[in-house]
Amino acid sequence: MNRTFEELVAEGAAVPTDGWDFSWFAGRATEERPEWGYARSAGERLARARAALDLQTGGGEVLDFALGQAAPARPTVLAATEGWPPNAARATTLLAPHGAVVVASQDTAPLPFADAAFDLVLSRHPVAPHWPEIARVLEPGGTYFAQHVGPASAFELVEYFLGPQPAEVRAGRDPGRERAGAEAAGLEVEELRTARLRMEFHDIAAVVHFLRKVIWMVPGFTVEAYEDRLRALHQEIGAGGPFVAHSTRQLFVARKPAAEGAVV
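In my numbering, the protein residues as written are 472 to 735.
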């Protein structure tokens, strides 16, 4: 039986948005994954690290998975940051069994850690990489390993609701600019890979939940403010199948140069 627009929108609006667990979308939306397998690769690096920091950990789900891949080896020192209180609380509960300390820290604030405290800094989908602070907390020879959101990610969906975006907005998160930012902070970019990945939204509930969860896509999104566009998209999906968009991702591997004469 086909569900009504009102029923689907109500469902999408009721799903909790804390954490970065996307399992609710099963059967309702899909997204290709980059071939490099970020969480698995992060686990391999965690298994070799002495002290590791995960920036903007969300609800801790990705770090939890990566630590499972790293077991039984894991860093002696393990910390994570998160700026949104519900996510910080969720991450604390999830990561405590691993011995991780979760620190409440806003995305743009200086990191509350000593210079050269970590040999590995991780981040999956940071709002924006704080390159000077990343370089500061890395020890000489340490590595930043991260998956960033790329430019114009899911902009088919963004522009469906907001209309055509200016060129400077579409160019945000440009990998060349991010490389330049890392290098300006004194890091050496060892690897930078990009991917464009197909996304499909199979019902309007998935669209509503996605835009509520990933709040920077359509800032200030509410069902009430965008009801007309949501209704039109619901009808398009019913008539023509899933709404297709494309996410963009970039893998960053950057290294802080070792002190001159040091053996690493």
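Idealized CB from N, CA, C, for every residue including glycine.
Presumed contact (8 Å Cβ cut-off) between residue i and residue j, rounded CB distance
i	j	result
R474	A518	Not really, about 46 Å apart at Cβ, beyond 8 Å.
M670	A710	Not confirmed; about 19 Å, so no contact.
Same chain only: Cβ atoms within 7 Å of residue i, ignoring 5 sequence neighbours per side
i	result
P646	G621, L663, T665, Q721
Y615	V592, I605, L609, L658, F723, A725
W415	With the chain covering only 472 through 735, there is no way to say anything about residue 415.
F496	A677
First and last residue of the uninterrupted beta strand (DSSP E) at residue i
i	result
G709	Note, G709: premise wrong, no beta strand (DSSP E); alpha helix (DSSP H) at 698–711.
S718	714–726
H601	Careful: H601 lies outside any beta strand (DSSP E) and carries neither H nor E.
V678	Unbroken run through V678 is the alpha helix (DSSP H), 675–684; no beta strand (DSSP E).
F672	659–672
Between the CA atoms of residue j and residue i - distance to the nearest angstrom
i	j	result
F589	P728	14 Å
W507	W555	28 Å
V533	R702	34 Å
A580	H673	38 Å
E553	G498	29 Å
E661	D586	22 Å
Y509	F584	25 Å
R683	A559	18 Å
Q636	I708	23 Å
V735	A655	Below a pLDDT of 50, predicted positions are generally treated as unreliable, and V735, at 49, falls in that range; the measurement from the model is reported next regardless. So the alpha carbons of these two residues sit roughly 23 Å apart.
Contact check, residue i vs residue j, beta carbons under 7 Å
i	j	result
A537	G514	yes
L582	D535	no
L549	A676	no
F476	H705	yes
P603	A730	no
A484	V694	yes
Q577	R595	no
Residues of its chain near residue i, where Cβ-Cβ distance is below 6 Å and the 5 sequence neighbours each way are ignored
i	result
L628	A716
A541	G514, L517, A518
V486	W495, H680
A520	P546, D590, L591
Enclosing alpha helix (DSSP H) for residue i [first to last residue]
i	result
A559	556–566
S512	509–517
H619	Here H619 belongs to no alpha helix (DSSP H); instead the beta strand (DSSP E) covers 609–620.
Close Cβ partners of residue i (< 8 Å) along its chain, the five nearest in sequence each way excluded
i	result
A551	L524, D525, L526, T528, G531, L534, A562, L566, A571, V572, V573, V574
G652	P600, W602
Residue-chain proximity (residue i, chain D), Cβ-Cβ < 7 Å
i	result
A710	In summary, chain D is missing from the structure at hand, where a single protein chain is found.
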